[in-house]
Amino acid sequence: MLPSRKSHWSSYFSISPSALAFILLTPLLLISFIAFDLGPHKSLATSFSWKSLGFLSSFEFNSSYNTHNDHENSNLNKVSDAIVLRGRGPAQSNLLRKEESSLPNRDLSNAEARGFVNGGLHRRYSRLEKNEAVLAKARLLIREAATNRSLVPSIVEHDSHYVPRGPIYRNPNAFHRSYIEMENVFKVYVYEEGEAPVFHGGPCRSIYSSEGRFIHEIEKGGRFRTKDPEEAHVYFMPFSVVAMVQYLYEPESFDITPIGTTLVDYVQTISHKHPFWNRSLGADHFMLSCHDWGPHSSSYVPLMYNNSIRVLCNANTSEGFNPLKDVTLPEINLKTGEVTGLLGGPPAKERSILAFFAGGLHGHIRHLLLEQWEGRDADVRVYQKLPDNLSYETMLRNSKFCLCPSGYEVASPRVVEAIYSECVPVLISKSYVPPFSDVLKWNKFAVVIDVDDIGKIKEILSGISEAKYLKMQQRVKQVQRHFVVNPTPERFDLFHMILHSVWLRRLNLKLRRSI
7 MLPSRKSHWS
17 SYFSISPSAL
27 AFILLTPLLL
37 ISFIAFDLGP
47 HKSLATSFSW
57 KSLGFLSSFE
67 FNSSYNTHND
77 HENSNLNKVS
87 DAIVLRGRGP
97 AQSNLLRKEE
107 SSLPNRDLSN
117 AEARGFVNGG
127 LHRRYSRLEK
137 NEAVLAKARL
147 LIREAATNRS
157 LVPSIVEHDS
167 HYVPRGPIYR
177 NPNAFHRSYI
187 EMENVFKVYV
197 YEEGEAPVFH
207 GGPCRSIYSS
217 EGRFIHEIEK
227 GGRFRTKDPE
237 EAHVYFMPFS
247 VVAMVQYLYE
257 PESFDITPIG
267 TTLVDYVQTI
277 SHKHPFWNRS
287 LGADHFMLSC
297 HDWGPHSSSY
307 VPLMYNNSIR
317 VLCNANTSEG
327 FNPLKDVTLP
337 EINLKTGEVT
347 GLLGGPPAKE
357 RSILAFFAGG
367 LHGHIRHLLL
377 EQWEGRDADV
387 RVYQKLPDNL
397 SYETMLRNSK
407 FCLCPSGYEV
417 ASPRVVEAIY
427 SECVPVLISK
437 SYVPPFSDVL
447 KWNKFAVVID
457 VDDIGKIKEI
467 LSGISEAKYL
477 KMQQRVKQVQ
487 RHFVVNPTPE
497 RFDLFHMILH
507 SVWLRRLNLK
517 LRRSI
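Right, here's the structure in full:
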């Protein structure tokens, strides 16, 4: 008699059919459990997008600059046409409504309003999602402020120190609201890897002082620095290119490979020890450098060059500076390291010199300026070397307009020197993005002269009426607070304005979890 199919099948296995079914079904159950725990908005990986979120409709700047786009990384770094939208046309309004509709209703509870509770169902949210919900709420509040024509009384009462007003700002309401939101929620994590002097420090004197002062202040801690990396919105990489040049570069070799390889090793270290660089491909990380080689050094790490927020004095769009994600760092020459006694000058009507410049023959623009004006006009005082009987600071303070031509690179400490001396800056450069251009209207307190018009400097400046000049000079005095280096940082000063520029770029970035 032939054995039954059941006994024949069973003879090949040493386990029961029920046990076999359990083994087969267990992986499916685990997959279902993971999918439920992650929820519809979570996944096993994180991605990001640089795109115009429309959160600051009046915080726009000239987006016609040539921006670098590396073809190899175009699939990683999708940059929008502008960091913020221009105006409030139909397209912009639709985008605004779309983002607002994605946020919780204002009548919901505080937890619901910040995105921690959704549709009445409670689930576990990641720290990243909570951070993104807080940033979404900040965007909404800033948008609302941008559309208000008058300052919100409650906001003014909250801020007794300083309330931005006047034409020097693109949108003073939006800037004020944004600044307050930054103070309320913004957190920076500073990586502890690396040893001094290359890491965690920098020069606090000379033309590189703005680099060292920022690193010094952020390392000290305060309201913005967090020791919990999960709480942070951005991650600061505290290396100093100036120190690298001093300790790693072989003089006269013109080879910065040791600097580049140091940055490669550093990023490999933090990406292996922490999950945050890989999570965002470096997009929520920022570096800061005032050295001319800062931009080129960052190119040794393509993700840093293309994705990270680079705070640079050398803000040259023709050399890869991307104003949609990068930040201009003001170049300040603190000759002794002291920060007091730098501000002020005679009243506008007591300034007898129309325009002034003194500096070396550095670069094409300086060559043109000196060639056409040095020693040729009593009103336009241009010197390659200032005579011993003249004081540089006195000349600045006795001039109506201070010429600020680029040198070998676009940045010049003369811009801030002019502002400190209450002298109207005259910018003469190519492809340069002035500091804090997303907030400040430079044409309201500075003059921009095309390189081709260097020969017309006197004609252009003499054509500015006395009334217009007086207004511009008053605005220089107003904007001065944003460039001041204080012994201990104060609200709206240089340290905080740099942070605010980083804050705006982080607001323009959405991190999301995707499969």
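FYI, in this note's numbering the residues of the sequence shown are 7 to 521.
Every residue gets a Cβ at the ideal spot worked out from N, C-alpha and C, and that includes glycine.
Of the residues the options, which one's Cα is nearest the Cα of residue i?
i    : options                   : result
H206 : I213, Y214, N328 and Y197 : Y197
S246 : T232, Y272 and G227       : Y272
R511 : E135, S132, L141 and L134 : L141
V430 : L360, P178, V416 and V270 : L360
I186 : K143, E217 and P173       : K143
S418 : S184, E199 and S212       : S212
G208 : E199, E225 and Y195       : E225
I466 : H506, K483 and V386       : V386
M478 : M250, V432 and L500       : V432
L318 : T232, G343, S215 and I470 : S215
V251 : H302, N514, E325 and P495 : H302
H167 : L505, D499, H506 and L517 : D499
R285 : A354, G469 and L134       : L134
E496 : E223, Y414 and P411       : E223
Classify residue i as buried or exposed, calling it buried when 16 or more other Cβ atoms lie within 10 Å of its own Cβ.
i    : result
F260 : exposed
L4   : With the chain represented from 7 up to 521, any question about residue 4 goes unanswered, as that position is not in the structure.
V333 : buried
A41  : Confidence at A41 is low in this model, with a pLDDT of 38, below 50, so the placement of that residue is unreliable and no value is reported for it.
N395 : exposed
A151 : buried
G300 : buried
N190 : exposed
D458 : exposed
P257 : exposed
N154 : exposed
A238 : buried
P440 : buried
R171 : exposed
G125 : Its pLDDT being 45, under 50, G125 is placed unreliably in this model, and the value from its coordinates should be taken loosely. It counts as exposed.
E428 : buried
G347 : exposed
L513 : buried
Anyone know if the C-beta pair for residue i and residue j falls short of 8 Å?
i    : j    : result
F442 : H502 : no
K3   : F242 : One cannot answer for residue 3 here, as it falls past the ends of the chain, which runs 7 to 521.
V422 : P352 : no
K450 : R481 : yes
N322 : Y438 : yes
M401 : A452 : no
F181 : V490 : no
Y311 : L269 : no
I434 : I338 : no
H297 : S314 : no
M188 : W509 : yes
I262 : E199 : no
K522 : D383 : The displayed coordinates of the chain run from 7 to 521. Any statement about residue 522 would go beyond what the structure contains.
E380 : Y389 : yes
I460 : L330 : no
Y475 : K406 : yes
Under DSSP, the beta strand (DSSP E) around residue i begins and ends at which residues?
i    : result
I434 : V430 to I434
R316 : I315 to L318
A354 : No beta strand (DSSP E) holds A354; DSSP gives it neither H nor E.
The ligand SAH and residue i: does the residue's C-beta get closer than 7 Å to at least one heavy atom of that ligand?
i    : result
N449 : Among the components modelled here there is no ligand, and therefore nothing to report on the ligand SAH.
Which residues bound the alpha helix (DSSP H) around residue i?
i    : result
K406 : Careful: K406 lies outside any alpha helix (DSSP H), inside the beta strand (DSSP E) at S405 to P411.
F501 : L500 to L513
R145 : R133 to T153
Y253 : V247 to L254
L287 : Premise fails: L287 is in no alpha helix (DSSP H) and is neither H nor E.
V482 : E472 to V485
S303 : G300 to S304
I371 : G369 to W379
L465 : It should be pointed out that residue 465 corresponds to Glu in this sequence rather than to Leu. Note, E465: alpha helix (DSSP H), I463 to S468.
Y168 : Unbroken run through Y168: none, as it is neither H nor E.
V491 : Element bounds for V491: n/a, residue is neither H nor E.
L309 : P308 to N312
A417 : Looking at the DSSP string, A417 is not in any alpha helix (DSSP H), and its letter there is neither H nor E.
So who's on the other strand from residue i, going by DSSP bridges?
i    : result
R219 : DSSP, once it has assigned bridges, lists no residue as partnering R219.
V240 : V194
T268 : The partner list for T268 (beta bridge, DSSP) is empty, contrary to what the question assumes.
A364 : Y389
N322 : Y438
T446 : It should be pointed out that residue 446 corresponds to Leu in this sequence rather than to Thr. Paired residues: Y175.
S231 : Per the sequence presented here, residue 231 reads as Arg, with Ser not at that position. For R231, which the question treats as bridged, DSSP gives the partners V194.
V454 : L433
E334 : Reading off the sequence, residue 334 comes out as Thr, not Glu. Answer is L318, bridged to T334.
L340 : S212
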